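Sequential numbering from 102 applies to the sequence shown in the working numbering.
For reference, the structure is listed below as structure tokens.
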Amino acid sequence: MVQFHIGFDESHKERGKLGSNYRTLRQILEAEGFGCWEYSSFPITRQSLQNYDILVFACTDSSKYSPEEIEAIASWVREDGGGLLMLSHAGGDRGRRSNMTELATQFGMIFENDQVLDEMNNYGIDNMPNIKTFPMPHPIIEGITSICYRAGCSVSIVGMSQSIAITNPSSNPGNVTVIAASEPGEGKVVCIGSYEIFRDEINGGISQAGHVQLVKNIFSWLVTPRRVFLREGGAATTTGSPATANMPPASSGAFDPYGVTKPQPAQSLSQDHAGKLVQISSIHDLFVEMQNIVKDIDLLRARVMNVFGVVTALDGGDGSGAGTAPPPSTQATAGKKVEANAAAPGKQVDAGPASTSSKAGEAPVEIPPSKDDLMAMFAGVKGKKQETTSSAPASSAPAGASMSSLLSELKTEAKKRDIKPEDLKALELSQPGLGKVSEENVAPSTMSAPKEYEITSTDKRKSKAELEDDIDKLEAKIKSSENLKTFVDKQFKDGKKSKEDYDREAGRLVTDIENARAKIEAYKKLVASK
């Protein structure tokens, strides 16, 4: 049976510890087949996390993550498929003098600086609300009917994160999220505003009805498909503590996420394929690599089509004719060899019987490609009829042709025709992408300017300190939305998100950012008036 490893961080003074108040939690997880370890590596790096499948921060106390640690953890989650559980406490970051929210915002969640209370629906005291509202079905709350939310803060969600459990209307604050989840990239993240719901020997802790099931659900969900693949098929598993396998042995070999080494290709191997060797260890790897190759081809095709859009503009035509004649020094003659098959560049055939009269050892003349030739080659047109000239048939792209030489010719042509940069300002070219070129000529989306935020009577009743606290929260929300926007942009650029999904998600995030900024400006004016 494959075992998944959970690291409980102890390098940032966490209040929840495996060896003291989380012992029952450890027993439950080990009974489920997990390996639980005290993670004390400092500072946290992406490499030191490779041996773990799940990382837990059980209420960081009087300690902060460095920007480098936040970046390393975020990369481990998004790219390595790590599962992350973050647990806070009443008062949020301000109460614990930490910056857990700076990490949580990387995934669209914010720990608020408040405490959830409920005088009507509770387990004997107002700081132990009885949470019974779950907005939609989710594996985390499967089989759960209620949760005792002991000494916890609320969690705000932005972007693509999801609310799992919310407070009652009678709570203060009411109808706010207390458990949130998101699935950034290859990873999964859960944020809960209370670490005490899993504590030993306290009311409302791990012994509370439903909390054991909640533990099983959360940690089972945090095991991502990426980690399953790595454990079962991508690499050998580690025996013993993963912390002992962080560094590779002295022998040569690459560091493996699971503490084993794989032999590296000898330095004497051929440097074909741009010097990059692809390791295929399963059918899944093969299909992923094939998809990447297809995307690269589409990207190259889109770029070439863009270049010929510029050529068309310079020629003043529609791009359907042959390209401009090549310089005299490179024109073909009947006695030279030319490339005749656009579908198989590099294959040389005789241009005609006169080729027998060519001198022995004489290099074939390379014919610069016409626009029709390259358009046909990159658009995938097979069997295209070659246009002929009086001197030689049209050719495909020569092996030595480069984009830089094409651009150089474009500049020369522009200078010859006295075309100024401003003459091309109206020319709209599609950006290189992964879909069909015709699909990329999408009109730029128009977004209406955000409306100015109108101060409500509730806002006016807030004290200056409360308004300043709200401004801090809004600024954190903006930062989170901007982080998510950057992540969504990268997904679209890498071909992992369709244009339709990208436009929808990016548009929503931009709207959230603009609305938050408008609200901040309104609140600042209100603060100044008090």
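Backbone N, C-alpha and C define an ideal beta-carbon position, used for all residues, glycine too.
None of the values given here were measured: they were computed from a predicted structure.
Please list the segments of the alpha helix (DSSP H) lying wholly inside the segment 546–599, counting only runs of 4 or more residues, in order along the chain.
558–562 and 565–594
In this structure, what does DSSP give as the bridge partners for His106?
One-based indexing of the sequence shown puts residue 106 at position 5. Note: His106 sits in a beta bridge opposite Gly136.
Does the Cβ of Val324 have 16 or more other Cβ atoms within 10 Å, making it buried, or fewer, making it exposed?
Mapped onto the sequence shown, residue 324 falls at position 223. Val324 comes out buried.
Is it buried or exposed for Asp399, if we count other Cβ within 10 angstroms and need 16 for buried?
For the purposes of this step, residue 399 is taken as the residue at position 298 of the sequence shown. Per the 10 Å Cβ criterion, buried.
Who pairs with Thr278 in a beta bridge, going by DSSP?
Start at 1 with the first residue of the sequence shown, and residue 278 comes out as number 177. Per DSSP, Ile267.
Express the C-alpha separation of Pro285 and Cys254 in angstroms, rounding to a whole number.
Working through the sequence shown from its first residue, we reach residue 254 at position 153. Working through the sequence shown from its first residue, we reach residue 285 at position 184. Cα to Cα, Cys254 sits roughly 23 Å from Pro285.
Could you tell me whether the segment 579–598 touches the segment 291–302, where touching means 3 or more Cβ pairs closer than 8 Å?
no
Can you look up Asn318 in the DSSP assignment and give me helix, strand or coil?
Residue mapping note: residue 318 aligns to position 217 of the sequence shown, counting from 1. Three-state DSSP puts Asn318 in a helix.
Mark Gln128 as exposed unless 16 or more other C-beta atoms lie within 10 angstroms of its C-beta, in which case mark it buried.
If you number the sequence shown from 1, residue 128 lands on position 27. Label assigned to Gln128: exposed.
Do you know how far the Cα of Thr268 is from the Cα of Pro236?
The residue labelled residue 236 in the question sits at position 135 within the sequence shown. The residue labelled residue 268 in the question sits at position 167 within the sequence shown. So the alpha carbons of these two residues sit roughly 10 Å apart.
Give the straight-line distance between the Cα atoms of Thr125 and Gly108, rounded to the nearest whole angstrom.
As a working note, residue 125 is residue 24 in the sequence shown. As a working note, residue 108 is residue 7 in the sequence shown. So the two alpha carbons sit approximately 16 Å from each other.
Would you say the segment 176–186 touches the segment 213–220, given that touching needs at least three Cβ pairs under 8 Å?
no
Alpha carbon of Gln592 to alpha carbon of Tyr603, nearest angstrom
On the sequence shown, position 491 is the one that residue 592 refers to. On the sequence shown, position 502 is the one that residue 603 refers to. Rounded to whole angstroms, Gln592 to Tyr603 spans 9 Å at the Cα level.
Taking just the CA atoms, how far does Ser142 sit from Asp397?
Translated into the one-based positions of the sequence shown, residue 397 becomes position 296. Translated into the one-based positions of the sequence shown, residue 142 becomes position 41. Their backbone Cα atoms lie some 39 Å apart in a straight line.
Go through its chain and collect everything with a Cβ distance to Tyr624's Cβ below 7 Å, but skip five positions before and after it.
In the sequence shown, counting from the first residue as 1, residue 624 sits at position 523. Taken in chain order, the residues that qualify are Leu568, Asp571 and Ile572.
Quick check on the burial criterion: 16 or more other C-beta atoms within 10 angstroms. Buried or exposed for Lys561?
Numbered from its first residue, the sequence shown carries residue 561 at position 460. It counts as exposed.
Cβ-based neighbour list, Thr161, same chain, cut-off 7 Å, excluding 5 preceding and 5 following:
One-based indexing of the sequence shown puts residue 161 at position 60. If we look at Thr161 and ignore the five residues flanking it on each side, its Cβ neighbours are His113, Lys114, Glu115, Arg197, Ser199 and Met201.
For a test of the three-state rule: what should DSSP assign to Phe299, helix, strand or coil?
Along the sequence shown, read from residue 1 onward, the residue named residue 299 stands at position 198. Note: Phe299 maps to helix in three-state DSSP.
Check Phe409 in the structure and name its three-state DSSP category.
The residue labelled residue 409 in the question sits at position 308 within the sequence shown. In the structure shown, Phe409 sits in a helix (DSSP, three-state: H, G or I).
Does Ile248 come out as helix, strand or coil in the three-state DSSP assignment?
Taking the first residue of the sequence shown as position 1, residue 248 is located at position 147. If DSSP states are grouped into helix, strand and coil, Ile248 belongs with the strands.
Kindly indicate which residue of Val256, Ser283, Thr146 and Asn276 has the alpha-carbon position closest to the one of Asp194.
In the sequence shown, counting from the first residue as 1, residue 194 sits at position 93. It is Val256.
Among Arg327, Glu615 and Cys249, which has the Cα closest to the Cα of Tyr296?
If you number the sequence shown from 1, residue 296 lands on position 195. Answer by Cα proximity: Cys249.
Met237 by DSSP, collapsed to three states: which one?
Reading the sequence shown from its first residue, position 136 is the one you call residue 237. Note: Met237 maps to coil in three-state DSSP.
Tell me the residue span of the alpha helix (DSSP H) that contains Ser257.
The residue labelled residue 257 in the question sits at position 156 within the sequence shown. Per DSSP, Ser257 belongs to no alpha helix (DSSP H); it is in the beta strand (DSSP E), Val256 to Ile258.
What three-state label does DSSP hand Ser149 in the structure shown?
Sequence index remark: in the sequence shown, residue 149 carries index 48 (1-based). Helix, per DSSP.
Compare the beta carbon distance of His190 and Ala252 with 8 Å and say whether it is the shorter of the two.
One-based indexing of the sequence shown puts residue 190 at position 89. One-based indexing of the sequence shown puts residue 252 at position 151. Yes, the Cβ-Cβ distance between His190 and Ala252 is below 8 Å.
Do Lys578 and Ala629 have their beta-carbon atoms positioned less than 8 Å apart in this structure?
Within the sequence shown, the letter at position 528 stands for residue 629. Within the sequence shown, the letter at position 477 stands for residue 578. Contact: no.
Per DSSP, cross-strand counterpart(s) of Ser121
Taking the sequence shown and counting its residues from 1, one reaches residue 121 at position 20. DSSP lists no partner for Ser121.
Starting from Phe330, trace the beta strand (DSSP E) in both directions and tell me its first and last residue.
One-based indexing of the sequence shown puts residue 330 at position 229. Phe330 -> not in any beta strand (DSSP E); alpha helix (DSSP H) instead, spanning Pro326 to Phe330.
Going by DSSP, what residue range makes up the beta strand (DSSP E) through Ala159?
Within the sequence shown, numbered from 1, the residue matching residue 159 stands at position 58. From DSSP, the beta strand (DSSP E) with Ala159 extends over Ile155 to Ala159.
Quick one: Cα of Pro144 to Cα of Ala281, how far?
Taking the sequence shown and counting its residues from 1, one reaches residue 144 at position 43. Taking the sequence shown and counting its residues from 1, one reaches residue 281 at position 180. The alpha-carbon atoms of Pro144 and Ala281 are separated by roughly 27 Å.
DSSP on Ile226, reduced to helix/strand/coil?
For the purposes of this step, residue 226 is identified with residue 125 of the sequence shown, where counting begins at 1. It is coil, neither helix nor strand.
Using the Cα positions of Arg327 and Leu156, report the straight-line distance between them to the nearest angstrom.
Residue numbering aside, residue 327 sits at position 226 when the sequence shown is read from its first letter. Residue numbering aside, residue 156 sits at position 55 when the sequence shown is read from its first letter. Their backbone Cα atoms lie some 15 Å apart in a straight line.
Cβ atoms of Thr234 and Ile258: under 8 Å apart, would you say?
Counting from one through the sequence shown, the residue named residue 258 turns up at place 157. Counting from one through the sequence shown, the residue named residue 234 turns up at place 133. Taking 8 Å as the Cβ cut-off, Ile258 and Thr234 do not qualify as a contacting pair.
Cβ separation of Asp283 and Gly209, assumed to be a contact under 8 Å, to the nearest whole Å:
Start at 1 with the first residue of the sequence shown, and residue 283 comes out as number 182. Start at 1 with the first residue of the sequence shown, and residue 209 comes out as number 108. Per the sequence shown, residue 283 should be read as Ser rather than Asp. Rounded, the Cβ-Cβ distance is 5 Å, consistent with contact.
Can you give me the Cβ contacts of His239 inside the same chain, cut-off strictly under 6 Å, excluding the 5 residues immediately before and after it?
Position 138 of the sequence shown holds residue 239. The answer, listed in chain order, is Ile265.
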